[in-house]
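J.: Each residue of the sequence shown is one higher than the one before, counting from 7 in my numbering.
Idealized CB from N, CA, C, for every residue including glycine.
One structure is given below, represented as structure tokens, and several questions about it will come after.
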Amino acid sequence: LNAENAQYILETMAQVAETSPFLLRSADDFRKTSIEDEVKWIENANSNPRGVLIGTFYNEKLIGIIDFGSFKNPKMSHRGNIGISILEEYRGDGIGSCMFEVLLEIVKEISDLETLELTVMDCKKIPLRSQLKQ
Numbered sequence: 007l008n009a010e011n012a013q014y015i016l017e018t019m020a021q022v023a024e025t026s027p028f029l030l031r032s033a034d035d036f037r038k039t040s041i042e043d044e045v046k047w048i049e050n051a052n053s054n055p056r057g058v059l060i061g062t063f064y065n066e067k068l069i070g071i072i073d074f075g076s077f078k079n080p081k082m083s084h085r086g087n088i089g090i091s092i093l094e095e096y097r098g099d100g101i102g103s104c105m106f107e108v109l110l111e112i113v114k115e116i117s118d119l120e121t122l123e124l125t126v127m128d129c130k131k132i133p134l135r136s137q138l139k140q
């Protein structure tokens, strides 16, 4: 993804936020973000030699975004953080798996990277206690 995709990213992320209550930003937050601010975020992501920003398009529509960046703190630089967002109607179709395959091929080239971190949050209402061993 590059600066030319800024509007697509904002639109896609607003749609994702409407169906994913766990995002740290709301749909309105994305809609209020200026193109200039989004371009700065994209350029910052793309200028990071220890990061990557990937988009998946279907019929010229941005349907998925995955971003990765390693931590700047020297004691944590061996760790990297992954964010992935896919439009609701395309979830469960294997798009995320394909995006991860591409990402993993790219991050293999990042020196000293040892750990990839992904936080997974599910919309299903499953009581925490039922997930814990008794």
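#1: Would you list, in sequence order, the uninterrupted alpha helix (DSSP H) runs of no fewer than 4 residues that lie entirely inside the segment 22-83?
#2: I think Ile116 touches Arg56, with their Cβ atoms under 8 Å apart; what is that distance to the nearest whole Å?
#3: Under three-state DSSP, which class holds Asn11?
#4: Name the DSSP beta bridge partners of Thr18, please?
#5: Where does Glu123 sit, in a helix, a strand or coil, going by DSSP?
#6: By the DSSP assignment, the beta strand (DSSP E) with Gly86 in it spans what residues?
#7: Does the segment 60-71 come close enough to the segment 43-51 that 3 or more CB-CB pairs lie under 8 Å?
#8: Beta-carbon within less than 7 Å of Asn54's beta-carbon, same chain only, minus the 5 sequence neighbours each way: which residues are those?
#9: Quick one: using the 10 Å Cβ neighbour count with 16 as the cut-off for buried, is Leu149 buried or exposed?
#10: Using CA coordinates, which residue listed in Asp43, Gly98 and Ile92 is at the minimum distance from Leu29?
#11: To the nearest whole angstrom, what separates the beta carbons of Leu7 and Thr39, a pair I think is in contact under 8 Å?
#12: Going straight from the alpha carbon of Ala23 to that of Ser32, what length do you get?
T.: By the coordinates alone:
#1: 33-38 and 41-53
#2: 5 Å
#3: Three-state result, Asn11: helix.
#4: Thr18 is not bridged to any residue.
#5: strand
#6: Arg85 to Ile92
#7: No: fewer than three Cβ pairs fall under 8 Å.
#8: Gly75
#9: The shown model of the chain, from 7 to 140, leaves out residue 149, and the question about it has no answer.
#10: Ile92
#11: That pair is no contact at about 15 Å.
#12: 6 Å
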